[in-house]
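In terms of the numbering used here, the sequence shown opens at residue 9 and continues consecutively.
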Amino acid sequence: MKKYVVLALILTTMIYSCAKKEQGVPTKNVVDYVNPFIGTGGHGHTYPGATSPFGRVQPSPDNGTAGWDWCSGYHITDSIISGFAQLHLSGTGIGDLADVLLMPTNAEKDLTLFGKSRDSLPYTSRFSHNDEEASPGYYRVLLKDPNINVELTANDYVAYHKYIYNTADKPSFIIDLGYAVNWDKPLESQLKLESSQRIVGHRFSTGWAKNQKVFFVIETSSPIIGQRLMGDAPMGISATEVNGVKAGGQFFFNENTDSVEVKIAVSSVSIENAKENLRLQGSPSFGEIREKTRADWSGLLSNISVETPIDSLKTIFYTALYHTQVAPTMFNDLNGEFRMQDDSIAKIDFKMYSSLSLWDIYRAETPLLSIMDPNRLDDMVKSMLVYYDQSGVLPIWVLSGNETGTMPGYHSVSIIAEAIMKGHTDFDIQKAYTAMKETMMGDDRGLKAYKKYGYIPFEVMDQSVSISLEYAYNDWCVAQVAKKLGKDKDYAYFLKRSKAYQNFFDIKSGFLRGKSKDGKHFHEPFDPKASNHIEDTDYTEGNAWQHSWYVLHDVDGLIELHGRKEPFALMVEELFTEDSDLSGHNVSPDISGLIGQYAHGNEPSHHIAYMLNKAGAPWRTQFWVRKILDTQYSTQPDGLSGNEDCGQMSAWYVMSAMGIYPMNPASGEYEIGSPVFEKTTLKLPNGKTFAISAPNTTKENIYVQSVTLNGEPLDKTYIMHGDIMAGGTLEFKMGPEPNKNWAVQNVTK
9 MKKYVVLALI LTTMIYSCAK KEQGVPTKNV VDYVNPFIGT GGHGHTYPGA
59 TSPFGRVQPS PDNGTAGWDW CSGYHITDSI ISGFAQLHLS GTGIGDLADV
109 LLMPTNAEKD LTLFGKSRDS LPYTSRFSHN DEEASPGYYR VLLKDPNINV
159 ELTANDYVAY HKYIYNTADK PSFIIDLGYA VNWDKPLESQ LKLESSQRIV
209 GHRFSTGWAK NQKVFFVIET SSPIIGQRLM GDAPMGISAT EVNGVKAGGQ
259 FFFNENTDSV EVKIAVSSVS IENAKENLRL QGSPSFGEIR EKTRADWSGL
309 LSNISVETPI DSLKTIFYTA LYHTQVAPTM FNDLNGEFRM QDDSIAKIDF
359 KMYSSLSLWD IYRAETPLLS IMDPNRLDDM VKSMLVYYDQ SGVLPIWVLS
409 GNETGTMPGY HSVSIIAEAI MKGHTDFDIQ KAYTAMKETM MGDDRGLKAY
459 KKYGYIPFEV MDQSVSISLE YAYNDWCVAQ VAKKLGKDKD YAYFLKRSKA
509 YQNFFDIKSG FLRGKSKDGK HFHEPFDPKA SNHIEDTDYT EGNAWQHSWY
559 VLHDVDGLIE LHGRKEPFAL MVEELFTEDS DLSGHNVSPD ISGLIGQYAH
609 GNEPSHHIAY MLNKAGAPWR TQFWVRKILD TQYSTQPDGL SGNEDCGQMS
659 AWYVMSAMGI YPMNPASGEY EIGSPVFEKT TLKLPNGKTF AISAPNTTKE
709 NIYVQSVTLN GEPLDKTYIM HGDIMAGGTL EFKMGPEPNK NWAVQNVTK
């Protein structure tokens, strides 16, 4: 009898579940897995505010605190909000932007204190994280001191604020164009009350971006009935326009106003262009834009679906995928115009991009875009060629149309090569190749010495090893494109230059070390754990342990220098198992996320675990990739182990969690790791799908037993870009013990 009761209960449950589905009980949207607060703690340097995918504007809360962990303007440890600026950086290691700060209030404020440090600002407010909410395209907080609820959303070109005044007195809002933190410094600003519901102005500043010009228009849903303005001196009560280095003002609504919506559009060109951006994209209400942007994010994030019973993994994954689609940011106005660093105005018919953190994003961010959104990658390449037209060299790190020169190498070269080698044709390939070649044949940034010696000697400049290694990879990229285009002499020349890494190899220690001009001496004294940040060092933001593996393009050659594959693999293993002590008089703060001497918190380490595939030890790749996935990412605010860096830190997770990684991006190869999800399905832009199946993957079953591609056994440690874009299925059989026979027979000995 009991078995019939149990059977009845099972049937009842099944019927109830089916009924719930038929009743349309909603399943969780992928957007709901995203937590924008991940990365706002630790050294993640992300912001929690609103943006559309790759949007021009990013309204977000600003604490007003100066310091490295406030590069985005916000850090989870803070309890004060100074306002809500419209432009922000995602996960960078340098702080800038935070332009056009607005802050609602309900009491008259002392304008003479505008543009001061946070402790002197008259309009800051306490807040609690319990009163915060954030999701893709939306942010909300309660400002405790004025008792005002603030909501933010945005579309591609317009930031939307909503202020709910819970305590009526003098409902108003502040504009403080003198507000600045970290590297940003205002040079000139203007505010003008153009009508009862429209304010226009500009803010010119210098900082990381030396020539940043922001023009703006602000439109309110309720009429402004009074204003007080402040420039280099206080203005009269009837003044409607003010100029100064630090212009600001307070704008008042009728005392019975309980809610106001504010729209802000910006332009690098002119107030008229900002108005046009607002006219074309600023019509709907706050609520409509919030829902439209949420839908945009939902559609984008749904292009990759993952199956796992563990919700926390979905949170980490979809938050990471979200962060990969935040930057770079669109920079042109809707009419195609934008400002160059030399103040010339260019006009294009594609999406122009800024916040191009090329040293970071070429590693996994652009390979991910090449799968998800190749047209956007094409527009990024076309953007790089526009900067080349203006300066004569390809860009390095572009912010607000300005070349900042930050980080070694020319990884615009790497990204253009990746696009060309993957078959992209939506840009002038011959021009792109000329730009690549001319850039690498220049004399600046150590290239003159690099060409003369075949490497950069340590006597010539700091970071000589790292810079030379970056150029060697850039050279290999030029060589591959030259070969594809039939330029045999160029191919031979740049391929030879790409062997520059060989000059640094110290056979006694196994490290790549600084070399003298005469080629006979290594830089002494030497400590592989020593790190000095930027100066008095042979390495960039790291040490010999972390940089001796930066040979993406010739792993076999590096293995050969080590003698054979086993000593190489053992030394990589030692990287992960060495103690994490660091030495030096100015240790780089970028060395974080340490597993032994492996530093996942900075990009130079990101490819290293996958090198073990090439060394005949793919099970070691699988072990260490899972170790990184499990320990360096979480659902907490400090869930990123280092700077997000405009998408790269998250792109590493997205690719690695799926089970593939572009160790050498321009090669078109994706190294196989250890997939986290039982199934991942990619909706490709060509209408096809590519599925990665690992039905028995678990925290214990981390080792690949066998792999098939479209039903055929795969006995190599990588698949090609074309395999993915053709659609199909990559299927893994996983287990708790390594299969040391899989995919090792064709590896260098």
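Note that the Cβ used here is the ideal one computed from N, Cα and C, for glycine as well.
Quiz item: For the putative contact between Thr5 and Gly681, defined by C-beta atoms under 8 angstroms, what is the C-beta separation to the nearest angstrom?
Solution: The displayed coordinates of the chain run from 9 to 757. Any statement about residue 5 would go beyond what the structure contains.
Exercise. Classify Asp184 as helix, strand or coil using the three-state DSSP reduction.
Key: strand
Quiz prompt | DSSP state of Trp367 mapped onto helix, strand, coil | solution = helix
Self-check item: Contained alpha helix (DSSP H) runs [length at least 4] in the stretch 380 to 406, N- to C-terminal order
Solution: 382 to 399
Exercise. Could you check which residue in Met449, Tyr501, Val225, Gly101 has the C-alpha nearest to that of Ser204?
Key: Val225
Quiz item: Do the stretch 659 to 672 and the stretch 607 to 619 meet, that is, are 3 or more Cβ pairs less than 8 angstroms apart?
Solution: yes
Exercise. Mind reading off the beta-carbon distance from Leu308 to Gln289? Whole number of angstroms is fine, and I expect it under 8 angstroms.
Key: In fact, because the Cβ distance is near 18 angstroms, the residues do not count as touching under 8 angstroms.
Quiz prompt | Rounded distance between the beta-carbons of Leu455 and Tyr479, thought under 8 angstroms | solution = 7 angstroms
Quiz item: Apart from the five residues just before and just after Pro744, which ones in its own chain have a Cβ nearer than 6 angstroms to its Cβ?
Solution: Glu708, Asn709
Quiz item: With contact counted as at least three CB pairs below 8 angstroms, one residue from each stretch, are the stretch 48 to 64 and the stretch 646 to 659 in contact?
Solution: yes
Practice problem: With Gln713 as the anchor, note down where its beta strand (DSSP E) starts and where it stops. | Solution: 711 to 717
Quiz item: Buried or exposed: which applies to Ala758, given that a residue is buried once 16 or more other Cβ atoms fall within 10 Å of its Cβ?
Solution: The structure shown does not extend to residue 758, since the chain is modelled only from 9 to 757, so the question has no answer here.
Quiz item: By DSSP, does Glu446 sit in helix, in strand, or in coil?
Solution: helix
Quiz item: Ala74: which of Ala106, Phe62, Gly63 sits nearest, CA to CA?
Solution: Ala106
Quiz item: With 16 other CB atoms within 10 Å as the buried threshold, where does Gly527 fall?
Solution: exposed
Quiz item: Who are Arg211's beta bridge partners in DSSP?
Solution: Ser197, Val222
Quiz prompt | Cutoff 7 angstroms; reference Gly252; Cβ partners in own chain excluding five residues on either side | solution = Ser197, Gly239, Asp240
Quiz item: Applying the criterion that 16 or more other CB atoms from any shown protein chain within 10 Å of the CB defines a buried residue, is Met666 buried or exposed?
Solution: buried
Quiz item: Near Lys254, what residues of its chain come up, given a Cβ to Cβ distance below 6 angstroms and the 5 sequence neighbours on each side ignored?
Solution: Gly123, Gly186, Pro194
Quiz item: Where do the ends of the beta strand (DSSP E) carrying Ala167 lie?
Solution: 166 to 173
Quiz item: Measuring CB to CB, does Pro465 end up less than 9 angstroms from Ser472?
Solution: yes
Self-check item: Chain-order list of residues whose beta-carbon lies under 6 angstroms from that of Tyr396 (same chain, five-residue window excluded)
Solution: Leu402, Ala443
Self-check item: Through-space distance from Gln656 to Glu568, alpha-carbon basis
Solution: 30 angstroms
Exercise. Pull up the distance between the alpha-carbon of Asp452 and that of Gly413, whole angstroms please.
Key: 11 angstroms
Quiz item: If you check the beta carbons only, do Leu110 and Leu121 fall under 9 angstroms apart?
Solution: no
Quiz item: Three-state secondary structure (DSSP) at Ser313?
Solution: strand
Self-check item: Three-state class that DSSP yields for Pro416 in the structure shown
Solution: coil
Quiz item: Can you name, in chain order, every residue of its own chain whose Cβ lies under 6 angstroms from the Cβ of Pro484, other than the five neighbours on each side?
Solution: Reading off the sequence, residue 484 comes out as Trp, not Pro. Ser506, His561.
Practice problem: Go ahead and pull the three-state DSSP assignment for Ala58. | Solution: coil
Quiz item: From Phe346, Leu393, Gly565, pick the residue whose C-alpha is nearest to that of Phe223; which is it?
Solution: Phe346
Quiz item: What is the C-beta distance between Ala699 and Lys687, in whole angstroms, given that I count them as a contact (C-beta under 8 angstroms)?
Solution: 6 angstroms
Exercise. Could you tell me which residues DSSP pairs with Ala607 in its beta bridges?
Key: Leu602
Exercise. Please name the residue or residues paired with Ser246 in a DSSP beta bridge.
Key: In the DSSP output, where bridge partners are listed per residue, Ser246 has none listed.
Quiz item: How would you call His593, buried or exposed, if buried means at least 16 neighbouring beta carbons within 10 angstroms?
Solution: exposed
Quiz item: Is the number of C-beta pairs between the stretch 58 to 66 and the stretch 110 to 119 that are closer than 8 angstroms three or more?
Solution: no
Quiz item: Exposed or buried, which one is Gly494 when buried takes at least 16 other CB atoms within 10 Å?
Solution: exposed
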